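**Student:** Per the working numbering, residue 561 is the first one in the sequence shown, and the count goes up by one each step. Cβ coordinates follow ideal geometry from the N, Cα and C atoms, glycine included. Quick caveat: nothing in here was measured; it's all calculated off a predicted structure.
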Amino acid sequence: MRAPDIAIDLGTANTLVWVKGEGVVIQEPSVVAVGTDSQGRRRVLSVGAEAYRMLGRTPSGITAMRPIQDGVIADDSLALELLKNLVGQIRRGLWIGRPRVAVCIPARISQLVERAMVSTTKAAGAGNVYLIEEPLAAAIGAGLPVAMAGASMVVDIGGGTTDIAVITLGDIAVSTSLNWAGDAMDRALIEYVRGHHDLIIGPASAERLKKEVGWAIPDPPSGVLDVRGRCALTGIPRSASISSLEAAAALGPVIERICAAVAETLAETPPELSADLLDRGIVLAGGGSLLQGLDTALRERTDLPVFRAENPHTCVVEGAGRFIEFAEQLDRRAAL
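1. Put Gln587 into one of helix, strand or coil per three-state DSSP.
2. Quick one: using the 10 Å Cβ neighbour count with 16 as the cut-off for buried, is Leu838 buried or exposed?
3. Asp786 and Ser804 - do their beta-carbons sit closer together than 8 Å?
4. What residue does the alpha helix (DSSP H) around Glu694 start on, and which one ends it?
5. So, using beta-carbon positions, are Glu588 and Thr575 closer together than 8 Å?
6. If we count Cβ pairs, one from each stretch, closer than 8 Å, do we get three or more for the segment 864 to 879 versus the segment 755 to 769?
7. Whole angstroms are fine: how far does the CA of Ile727 sit from the CA of Gln649?
8. Pull up the DSSP beta-bridge partners for Ala662, would you.
9. For the pair the segment 678 to 689 and the segment 718 to 737, tell me if three or more CB-CB distances fall below 8 Å.
10. Name the two residues that bound the continuous alpha helix (DSSP H) containing Arg817.
11. At which residues does the beta strand (DSSP E) containing Asn574 begin and terminate?
12. Which two residues bound the contiguous alpha helix (DSSP H) that contains Val714?
13. What residue range does the alpha helix (DSSP H) around Ile679 cover?
14. Under 8 Å, with one C-beta from each stretch per pair, do the segment 731 to 738 and the segment 770 to 782 reach the 3-pair mark?
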């Protein structure tokens, strides 16, 4: 069987894999659990969901690590283990040749980081590797008319990065990338709960808070969630009730950073493209875009229509998969 085309969204929080003819086949946390052998050498114990369950719970000698930071590879060897494991999950039978692979990257990274992404992907078994900026992939996956002369704007909020871009004629005209995204929201909630309730909570509890009572507007509907953790004063396990108003206050600085970056990107956009956005508005993508009230916050800040992609979690990797089909015809992104 000929090796199928593959697209990979190697995110700080989660890694998604798309296979041609099958769609998105893997959605796993970008986490690797590592231990040491008798000679002190690092040894991978598990990856993905199993490793994620170990975050904050690992015994002595075992560490759950994230090899992707701010949307790029921070630990080459662990990223390679993660990719090999995921590719191994989708490999059925003997492949003829190596697959063409599209890898999503933040909008603004250095050539050195690009080369690291390519070399790691090839080491995991890829043939030709194509790099595609995440906001462009998101626009393709969301069904926006990216090849047309008119402009489209995408705000892709992942775990480690928020990528903002204005796209026209199949390319990015203006873009911004910032390290304020889903993980920053979680950290803000962790710090708030500790500072206001003397309670230390972990990433999983912060994620629950964000999803269930988190809001991007300062006056959200009432809601309360009980979270459990360790008392910062006594070290004894206990719980606290966190209101949606408190969660919104904690998230406020992160939301302000994202809204300000969107406004700055709009200010840099050529007038002809800005005019198109009055009708087409802004499309939100990425898991972080699911924060309640985010569309309202951006609408109030920009006076533009704001829409959420139908498939915010998967549109980036789906767009990258479609990109492979015509990537070789684009001078901008030749096979690497």
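**Tutor:** Quick look at the numbers:
1. Within the sequence shown, numbered from 1, the residue matching residue 587 stands at position 27. If DSSP states are grouped into helix, strand and coil, Gln587 belongs with the strands.
2. Translated into positions along the sequence shown, residue 838 becomes position 278. Answer is exposed; the Cβ neighbour count stays below 16.
3. The sequence position of residue 804 within the sequence shown is 244, counting from 1. The sequence position of residue 786 within the sequence shown is 226, counting from 1. For Ser804 and Asp786, no; Cβs fall outside 8 Å.
4. The count along the sequence shown starts at 1 and reaches residue 694 at position 134. 694 to 701 is the extent of the alpha helix (DSSP H) around Glu694.
5. On the sequence shown, position 28 is the one that residue 588 refers to. On the sequence shown, position 15 is the one that residue 575 refers to. Yes.
6. no
7. Translated into positions along the sequence shown, residue 649 becomes position 89. Translated into positions along the sequence shown, residue 727 becomes position 167. When rounded, the distance between both Cα atoms is 34 Å.
8. On the sequence shown, residue 662 is found 102 positions in, with the first residue counted as 1. Paired residues: Ala567, Tyr690.
9. no
10. For the purposes of this step, residue 817 is taken as the residue at position 257 of the sequence shown. Unbroken alpha helix (DSSP H) run through Arg817: 804 to 828.
11. Here the question's residue 574 lines up with position 14 in the sequence shown. Run containing Asn574: 574 to 579, per the beta strand (DSSP E) assignment.
12. On the sequence shown, residue 714 is found 154 positions in, with the first residue counted as 1. Where Val714 is concerned, there is no enclosing alpha helix (DSSP H), although the beta strand (DSSP E) it sits in stretches over 712 to 717.
13. Position 119 of the sequence shown, counted from the start, is the residue given in the question as residue 679. Rather than Ile, the amino acid found at residue 679 in this sequence is Ser. From DSSP, the alpha helix (DSSP H) with Ser679 extends over 671 to 683.
14. no
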